[in-house]
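Down below is the structure, laid out as structure tokens.
Numbering (the UniProt record's numbering), first residue to last: 1 to 341.
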């Protein structure tokens, strides 16, 4: 197969397909776009022609050899959307539009940075009719995680009239979707970022009412600071999350979903036992199917159309090594969609 031929919809698989393949020699991990034999596809009930993938922080870690992948060669890419080519599971038929996020794909099982993928049927959802494959990936793990955070806060009773909602890492993938979703639902959103000078206009366009330098949060050192936030979505962890907890109002809720700052958390029990603050852990990787489907249905119904276009950049497999470096350095705004077809 030539490098420009692509994969067409057909029940007959091509002999080879293009993929970004990670290999390891000693301690050195290399990432190269290459032709891979279809016979090397992993086990699974459903084979998918991948139309689009995306770029997440975890993908950057994988490509640069910092994720702790144990088995090589590996095709990274924790998300993909495409069309079913073949299925031994009755829930999916050839031609179905499907989306996958999480489940260890791109970490323990070959992922979405390839023209073909073969996965377990249980890992898939049918792509909502509203979204093309590229639009589903403009949502991706980041959008799913953001919606799960919003759901966690609202399931706990949060309402727009309760007060300000803080979103950290607001210019990134999860943060930008969270800002947009919350603002669209009538919340007054404060966007915390380290890039206010360059991203302020973008964040206000998403619906942020106010901008906050993220360093103001990590600089908060008292176990209890002035009460400000009715709720928060935190993607940073570390000192940022500690500052968020210390400044959350009585009875407030914080949804934590990331570790862009640090996986460590040095805090005290005082926000919990004196202010009745609740910290919700949010995971999208192994999110149960009913909750996952509920989140995707809400995204299809509620995600502002603007977010599917503004702040979304398109890229190719060959761009991924460069993009991996940029996303780890905090230089990627919004969402990046990787086109495979």
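A virtual CB, placed ideally from N, CA and C, is assigned to each residue, including glycine.
Applying the criterion that 16 or more other CB atoms from any shown protein chain within 10 Å of the CB defines a buried residue, is residue 269 buried or exposed? On the chain shown, residue 269 is found 269 positions in, with the first residue counted as 1. By the 16-neighbour rule on beta-carbons within 10 angstroms, residue 269 is exposed.
Alpha carbon to alpha carbon, how far is residue 305 from residue 245? Give it in angstroms, no decimals. Taking the first residue of the chain shown as 1, we reach residue 245 at position 245. Taking the first residue of the chain shown as 1, we reach residue 305 at position 305. Computed Cα separation, rounded: 32 angstroms.
Residue of 43, 338, 64, 252 minimising C-alpha distance to residue 160: Locating residue 160 in the chain shown gives position 160, where the first residue counts as 1. The candidate whose alpha carbon is nearest that of residue 160 is 252.
Assign residue 3 to buried or exposed, taking buried as 16 or more other Cβ atoms, counted over all protein chains shown, within 10 Å of its Cβ. Within the chain shown, numbered from 1, the residue matching residue 3 stands at position 3. Confidence in residue 3 is poor, its pLDDT being 35 and thus under 50, which makes the residue's placement unreliable; the coordinate value appears in the next sentence. It counts as exposed.
Using the rule of at least 16 other Cβ atoms within 10 Å of the residue's Cβ for burial, across every protein chain shown, is residue 327 buried or exposed? Residue mapping note: residue 327 aligns to position 327 of the chain shown, counting from 1. Result: buried.
Using DSSP with H/G/I as helix, E/B as strand and the rest coil, what is residue 142? Taking the first residue of the chain shown as 1, we reach residue 142 at position 142. Correct three-state label for residue 142: helix.
Could you tell me whether the Cβ atoms of residue 295 and residue 233 are closer together than 9 angstroms? Counted from its first residue, the chain shown places residue 295 at position 295. Counted from its first residue, the chain shown places residue 233 at position 233. Not a contact, by the Cβ cut-off of 9 angstroms.
Which residue wins for smallest C-alpha separation from residue 62, given the options 52, 51, 53, 74? Position 62 of the chain shown, counted from the first residue, corresponds to residue 62. Nearest of 52, 51, 53, 74 to residue 62, Cα basis: 74.
Leaving out five residues on either side along the sequence, give the residues of the same chain with a beta carbon under 7 angstroms from the beta carbon of residue 333. Within the chain shown, numbered from 1, the residue matching residue 333 stands at position 333. Around residue 333: 171, 199, 202, 311.
First and last residue of the alpha helix (DSSP H) that includes residue 203? Against the chain shown, residue 203 aligns to sequence position 203. Segment 196 to 206, the alpha helix (DSSP H) holding residue 203.
Could you tell me how far apart the beta carbons of residue 163 and residue 184 are, in whole angstroms, since I believe they sit closer than 8 angstroms? Residue mapping note: residue 163 aligns to position 163 of the chain shown, counting from 1. Residue mapping note: residue 184 aligns to position 184 of the chain shown, counting from 1. Contact flag wrong, Cβ pair sits at about 18 angstroms.
With three or more beta-carbon pairs closer than 8 angstroms as the criterion, would you say the region 253 to 260 touches the region 233 to 243? Yes: the two stretches touch, three or more of their Cβ pairs being nearer than 8 angstroms.
Cβ-based burial, residue 124 [other Cβ within 10 Å; buried from 16]: Residue mapping note: residue 124 aligns to position 124 of the chain shown, counting from 1. Residue 124 comes out buried.
Closest to residue 289 by CA distance: which of 118, 213, 103 is it? Numbered from 1 along the chain shown, position 289 holds the residue referred to as residue 289. Nearest C-alpha to residue 289 among 118, 213, 103: 103.
In three-state DSSP terms, what is residue 240? Along the chain shown, read from residue 1 onward, the residue named residue 240 stands at position 240. In the three-state reduction of the DSSP assignment, residue 240 falls in the helix class.
Coarse secondary structure for residue 131, derived from DSSP in three states: Taking the chain shown and counting its residues from 1, one reaches residue 131 at position 131. Looking at residue 131 - three-state DSSP - the assignment turns out to be coil, as it is neither helix nor strand.
Boundaries (first-last residue) of the alpha helix (DSSP H) holding residue 215: Taking the chain shown and counting its residues from 1, one reaches residue 215 at position 215. Element bounds for residue 215: 214 to 218.
Go ahead and label residue 9 buried or exposed: buried means 16 or more other beta carbons lie within 10 angstroms of its beta carbon, across all protein chains shown. Residue 9 sits at position 9 when you count from the first residue of the chain shown. Annotation note: pLDDT 48 at residue 9 (below 50); position unreliable, no value reported.
Return the residue from the list 141, 210, 205 that minimises the CA-CA distance to residue 167. Your numbering for residue 167 matches position 167 in the chain shown. Checking every option, the nearest Cα to that of residue 167 belongs to 210.
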